[in-house]
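S.K.: Quick one: structure below, then a few questions.
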Amino acid sequence: MQKINLTRNQKAILVGTLLGDGSLQKTGAKNARLRLEHGAKQKEYLLWKMQAFSHLFQGRPTRLSRVHPKSGATYEYWRAQSNATPALGAWRVLLYPDGKKRIPENLTEILTEPLGLAVWYMDDGYYYPKDKNSYLYLGTVSKDEAEIARSAVEHNFHLVSRIYDKKKKGFALYFSPSETKKMHDLIRRYVVLPLFAYKLGDIP
2 MQKINLTRNQ KAILVGTLLG DGSLQKTGAK NARLRLEHGA KQKEYLLWKM
52 QAFSHLFQGR PTRLSRVHPK SGATYEYWRA QSNATPALGA WRVLLYPDGK
102 KRIPENLTEI LTEPLGLAVW YMDDGYYYPK DKNSYLYLGT VSKDEAEIAR
152 SAVEHNFHLV SRIYDKKKKG FALYFSPSET KKMHDLIRRY VVLPLFAYKL
202 GDIP
C-alpha cells in the first residue's frame, strides 16, 4: 500500500473534509481510503479536492444517483475514492474510534488552519443573507462533541459561536452577524470556487 506524508495544506483540507462530507473507509488492518461525495452541481469542488491529493486519486469521479429514503426523490451526486494508505488509516483510528465518525477530543490540535475551517464551511456551512448570520452543521454528533467543536473554533480562530439543537439535522454552531463577518474575512481567500460565493454573501 502507498505510504505518504501530508503537506500542511493537505492536512488542513483533509481535516476540513473529514469534519464535513468526507469519510474514511477501512480497507485492511492499518489502511483506509478517502471517499468524497458531492452533489451534482458541485463537481468542480470535488475535482478541487481530488487535485489537492493528486497522488492518491486516479481516474475520474463517478456520477451516481440514489433515492432519498424519506421523500422518495431521486438525486444525483459525484463520488471519488482514493487509494488506500496507512496514513489515512491512522486518521481513521482517530476519527472512528468505535467505527462511527466522531469529532475527536483533540480537535483543537488538528483544526489549526483557516484553510481547514474554510473547507469545513464549504462542506457544511450555511449563510442566511436576510439575517446575515451563519450555521456550521455538525450532523448527528453528541452534545459533548458539539462543545468540542465550538471550543476548538473559538480557541484557534477567535470565533464565538453557540450550540443550537436543530432537531433532525443534529447540532449546529450558530455565528452571529458580527462573528459571521469575522469568519468570512478569515476564510475568504481560501473559498476560491465561484459556486460558493453565496456562502460568503458575495452575491450582487
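Just add 1 to the spot in the sequence shown (first one is 1) and you have my numbering. Ideal placement from N, C-alpha and C gives every residue a C-beta, glycine not left out.
Taking the continuous alpha helix (DSSP H) assigned at residue 181, which residues delimit it?
M.R.: Where residue 181 is concerned, the enclosing alpha helix (DSSP H) stretches over 178–188.
S.K.: Of the choices 80, 168, 182, 105, whose alpha-carbon is the least far from that of residue 129?
M.R.: Among 80, 168, 182, 105, the Cα nearest to that of residue 129 is on 182.
S.K.: My parser needs the beta strand (DSSP E) runs of 3 or more residues fully inside the region 44–75; what are they?
M.R.: Counting whole runs of 3 or more residues, the region 44–75 contains the beta strand (DSSP E) stretches 63–68.
S.K.: Starting from residue 36, trace the beta strand (DSSP E) in both directions and tell me its first and last residue.
M.R.: 33–40 is the extent of the beta strand (DSSP E) around residue 36.
S.K.: Does the region 167–176 come within contact of the region 18–31, defined as at least 3 CB pairs closer than 8 Å?
M.R.: With the cut-off at 8 Å, the region 167–176 and the region 18–31 do not touch.
S.K.: Considering only the beta carbon of each residue, do residue 38 and residue 79 sit closer than 8 Å?
M.R.: Yes, they are a contact pair.
S.K.: Taking C-alpha atoms, which residue in 82, 187, 95 lies nearest to residue 36?
M.R.: It is 82.
S.K.: Is the CB-CB distance between residue 65 and residue 25 below 8 Å?
M.R.: No; because the gap between Cβ atoms is not below 8 Å, this pair is not in contact.
S.K.: Let me know the alpha helix (DSSP H) ranges lying completely inside the region 72–145, each 4 residues or longer, listed in chain order.
M.R.: Runs of the alpha helix (DSSP H) inside the region 72–145: 87–96, 108–111, 115–125.
S.K.: Measure the beta-carbon distance from residue 126 to residue 108 and round it to whole angstroms, keeping in mind my assumption that it falls under 8 Å.
M.R.: Not a contact, Cβ separation roughly 16 Å.
S.K.: Taking only three categories from DSSP, how would you classify residue 205?
M.R.: A caution first: residue 205 carries a pLDDT of 42, below 50, which makes its placement in the model too unreliable to give a value.
S.K.: How big is the Cα-Cα spacing for residue 15 and residue 72?
M.R.: Using only the alpha carbons, I get a separation of about 31 Å.
S.K.: Tell me which residue opens and which closes the beta strand (DSSP E) that residue 12 is part of.
M.R.: Unbroken run through residue 12 is the alpha helix (DSSP H), 9–20; no beta strand (DSSP E).
S.K.: Are residue 115 and residue 188 touching if we call contact CB-CB under 8 Å?
M.R.: Yes; because the gap between Cβ atoms is below 8 Å, this pair is in contact.
S.K.: Decide if the region 38–51 is in contact with the region 190–204; the criterion is three or more beta carbon pairs, one per stretch, under 8 Å apart.
M.R.: Verdict: yes, contact present.
S.K.: Would you kindly work out how many angstroms separate the C-alpha atoms of residue 112 and residue 118, rounded to a whole number?
M.R.: Distance between the alpha carbons of residue 112 and residue 118 is about 7 Å.
S.K.: Could you pull out every residue in the same chain whose Cβ sits closer than 7 Å to the Cβ of residue 102, ignoring the five residues on either side in sequence?
M.R.: Closer than 7 Å at Cβ, skipping near neighbours: 24, 96.
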